[in-house]
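Here's the structure, in structure tokens; my notes come after.
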Amino acid sequence: MSAAIEPARRWAPRTKRVLAWLDRRFAFHSRGNAARAVVTVCLLGGAVALLLGQDANWDLRNYHLYNGYAWLHDRLARDLAAAQMQSYFSPMLDVLQYALMVHWPAPLAGFVLGVAHALVFAPVAAIAWMALAGHPQRARLAPVLALAGMCSAAFLSEFAGSMADNTTALPVLGALALVLAPARHAEGARPAAARWLLAGALLGAAVAFKLTNAVYALAIAAAVLSCGGPVRARVGRLALLAAVSLLVFALLAGPWYRAVWQAFGNPLLPQFNGWFQSALAQPVSVADTRWLPKAWWEWLTWPLVFTFNPRRASEIALFQCVWASLYLVALLAGLRWLLGRRDRALAPAPAMRAVLVFFLVAYLLWQALFGIHRYLVVLELLAPLVLWQLCRHAFARRHAARAAGALIGLCALVALGGWNDWGHEPWARQGFAVAAPAMVDPGRSLVLMVGDEPQSWRIAFLPGQARYASVASNFPESGAYRERIAALVQASPHRYAMLPASVDRKAGRVVAMNAWAARLGLADQRDCSGLRWLVRR
145 MSAAIEPARR
155 WAPRTKRVLA
165 WLDRRFAFHS
175 RGNAARAVVT
185 VCLLGGAVAL
195 LLGQDANWDL
205 RNYHLYNGYA
215 WLHDRLARDL
225 AAAQMQSYFS
235 PMLDVLQYAL
245 MVHWPAPLAG
255 FVLGVAHALV
265 FAPVAAIAWM
275 ALAGHPQRAR
285 LAPVLALAGM
295 CSAAFLSEFA
305 GSMADNTTAL
315 PVLGALALVL
325 APARHAEGAR
335 PAAARWLLAG
345 ALLGAAVAFK
355 LTNAVYALAI
365 AAAVLSCGGP
375 VRARVGRLAL
385 LAAVSLLVFA
395 LLAGPWYRAV
405 WQAFGNPLLP
415 QFNGWFQSAL
425 AQPVSVADTR
435 WLPKAWWEWL
445 TWPLVFTFNP
455 RRASEIALFQ
465 CVWASLYLVA
475 LLAGLRWLLG
485 RRDRALAPAP
495 AMRAVLVFFL
505 VAYLLWQALF
515 GIHRYLVVLE
525 LLAPLVLWQL
535 CRHAFARRHA
545 ARAAGALIGL
555 CALVALGGWN
565 DWGHEPWARQ
575 GFAVAAPAMV
585 DPGRSLVLMV
595 GDEPQSWRIA
605 FLPGQARYAS
615 VASNFPESGA
625 YRERIAALVQ
635 ASPHRYAMLP
645 ASVDRKAGRV
655 VAMNAWAARL
665 GLADQRDCSG
675 LRWLVRR
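If you count the sequence shown from 1, you need to add 144 to reach the numbering used here.
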């Protein structure tokens with residue numbers, strides 16, 4: 145027993161010294177410490193991006209790269225659904241990512257994306273700082289809870305990638321932080337109005353970049369109404385926020401949706417075509433309902449359902465336990481409230497109350513409309529803060545802090561240990577390269593993209609004079625669409641087809657494993673007993 149205890153005693157002083165150093169340097173005791181923490185986290189984010197490798201997710205290969213290229217080169221009327229049904233999504237964010245990924249060295253572009261995604265630490269920590277007003281430990285809790293939020297399954301899965309959920313979480317949470325910022329008596333009307341104007345601009349940009357962020361815009365509206373102050377003042381702030389958000393959305397995304405509407409008769413083609421009735425697509429409202437709860441018991445227990453069956457809400461398994469923890473702790477807190485075991489001293493600060501309203505409204509809208517796990521990035525970043533607050537009401541005061549720390553630590557460890565992502569490749573200086581046969585006369589050529597595999601990323605590196613169109617893709621083709629394809633074929637003397645090629649990645653891994661087996665002397669055994677033993681374990 146003493147032999148086991150002795151190393152722990154030796155490590156205890158060192159651990160205390162490390163924790164004390166971290167507290168002096170990074171706890172939010174001063175603005176300098178807060179700035180140092182933000183810079184450090186951002187640099188760590190860039191380093192993690194380099195370790196992950198080149199982003200290679202399906203959406204990038206299907207439409208993120210192409211849509212940015214197509215907008216910059218005015219290809220709306222020239223190509224036809226080259227990136228399948230996603231061809232007509234708003235390209236505003238894709239333009240920035242295209243410029244970054246194509247014109248910068250790939251590792252540098254990845255580093256920048258990692259820094260940008262890690263920058264979300266700043267608004268999450270600011271929200272925690274305001275929500276924990278009056279708590280004696282908030283200088284330590286705010287950065288720790290923000291870091292724990294970044295150790296969440298959805299955020300980690302998209303880290304340093306082109307999928308927009310992480311990128312747009314920054315303006316959404318920035319807007320929420322500005323909404324929560326307390327009005328100071330000395331600041332005057334102009335700075336206060338400027339804060340609401342900036343919050344509206346960030347929110348409008350977030351929705352312009354990704355329409356699914358509309359659920360967070362509605363949730364922020366609910367949070368504004370739940371804040372303290374006279375009702376008239378709250379309604380006035382919400383009106384200002386909404387007006388600026390709509391204006392910025394119209395300025396950023398309006399020209400694109402107007403152009404698509406004029407070209408095809410549906411600004412959201414092919415979505416909601418049951419309403420818009422564009423001739424090019426089938427008259428159906430395209431929506432991915434496979435991720436929504438089905439039975440009544442799933443609607444009531446959805447956080448538990450997709451915690452224990454991750455593929456119920458995602459194409460890849462995003463392992464986490466934070467949603468089950470939130471669900472169960474919330475039930476326990478509600479039970480204590482019903483039993484009258486309320487501690488009025490634990491009433492949340494106004495900012496915390498607004499965070500809880502935002503969180504609940506956004507989650508309910510997400511469950512009713514989407515059910516897709518990766519759309520929860522914003523909420524998972526705030527989940528440790530919400531879980532910490534729920535634990536204060538679910539457990540006795542003497543146990544609440546320890547229970548919250550254990551649960552939040554467990555959730556972070558599960559997400560880190562089960563870290564899954566949407567695809568990466570080893571780094572090269574240039575992230576994209578295409579080897580293609582020469583086109584005889586590109587200006588009179590048509591390339592048909594066959595099938596629903598992501599192929600349109602190659603168009604940016606093929607002759608721009610040619611035309612590109614998809615067939616047999618995920619676009620809901622109508623008779624008019626097929627007639628348009630036939631007309632393009634007739635008008636193009638030179639026709640090409642781009643077919644998806646299958647790559648046997650397992651073969652390369654088998655070769656590598658055989659090489660290691662040979663180096664270790666395992667391949668020389670007649671009955672492969674060593675290899676069999678390893679496989680069994």
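Backbone N, C-alpha and C fix where the C-beta goes; we use that ideal spot for every residue, glycine too. Predicted model only: the values in this text are computed from it and were never measured.
Remark: C-beta atoms of W215 and D238 approach each other more closely than 9 Å. The three-state secondary structure of Q574, taken from DSSP, is coil. Between Q464 and V558, the CB-CB gap stays under 9 Å.
Note that the segment 193-211 does not touch the segment 160-178; fewer than 3 beta-carbon pairs, one per stretch, sit closer than 8 Å. R542 sits exposed, since fewer than 16 C-beta atoms from the chains shown fall within 10 Å of its C-beta. Looking at the DSSP output, V594 shares a beta bridge with V615. Secondary structure note for A321: its alpha helix (DSSP H) is the uninterrupted segment 308-324. In this chain, Y360 is not harboured by any beta strand (DSSP E); it is covered by the alpha helix (DSSP H) spanning 358-370. Excluding residues up to 5 positions away in sequence, V473, A544, A547, A548, L551 lie with their Cβ nearer than 7 Å to the Cβ of C535 in the same chain. By the C-beta criterion, the segment 617-628 is judged not to be in contact with the segment 563-571, since fewer than 3 inter-stretch pairs fall below 8 Å.
Its chain contains A350, F353, K354, N357 as the residues whose beta carbon lies nearer than 7 Å to that of T312, once the 5 sequence neighbours on both sides are disregarded; these appear in chain order. DSSP, read as helix, strand or coil, puts H537 in helix. In its chain, beyond the 5 residues on either side, S231, S614, F619 have a beta carbon closer than 6 Å to the beta carbon of A225.
F502 and I364 have their C-alpha atoms roughly 6 Å apart. For the 9 Å CB-CB criterion, V323 and L263 do not form a contact. Distance from the Cα of D199 is smallest, within the candidate group A457, S301, P157, for S301. For A641, the enclosing beta strand (DSSP E) starts and ends at 638-642.
Shown here, S231 sits in a helix according to DSSP, grouped into three states. For the segment 182-235, not one full-length beta strand (DSSP E) segment reaches 3 residues or more.
One thing to note: Y625 has its Cβ within 9 Å of the Cβ of L424. Contact check for L476 and A538: beta-carbon distance about 4 Å, within the 8 Å limit, so the pair qualifies. Sequence-distant partners of V594 (beyond 5 residues in either direction) whose C-beta falls short of 7 Å from its own C-beta, in its chain, are V615, A616, A641, M642, L643. Secondary structure at H568: strand, using DSSP grouped into helix, strand and coil. Of A610, A630, E627, the smallest CA-CA separation from R222 is found for A610. One alpha carbon belongs to N417, the other to N410, and they sit about 7 Å apart.
The closest CA to that of G278, considering only A493, R518, L291, is found on A493. If you check the CB distance, V388 and A343 come in under 9 Å.
Ranked by Cα distance from H208, the first of S306, M583, S370 is S306. DSSP places E621 in the strand class (E or B) of the three-state scheme. DSSP places S589 in the strand class (E or B) of the three-state scheme. In the DSSP secondary-structure assignment, A425 is bridged to E621.
In this structure, W441 sits away from S234, with a CB-CB distance that is not shorter than 9 Å.
R456: not part of any alpha helix (DSSP H); DSSP gives it neither H nor E.
By the Cβ rule, the segment 241-251 does not count as touching the segment 632-639, because fewer than three pairs are nearer than 8 Å.
Remark: three or more beta-carbon pairs, one from each stretch, lie closer than 8 Å, so the segment 512-531 and the segment 277-296 are flagged as touching. A179 is not a Cβ neighbour of A283, given a cutoff of 9 Å.
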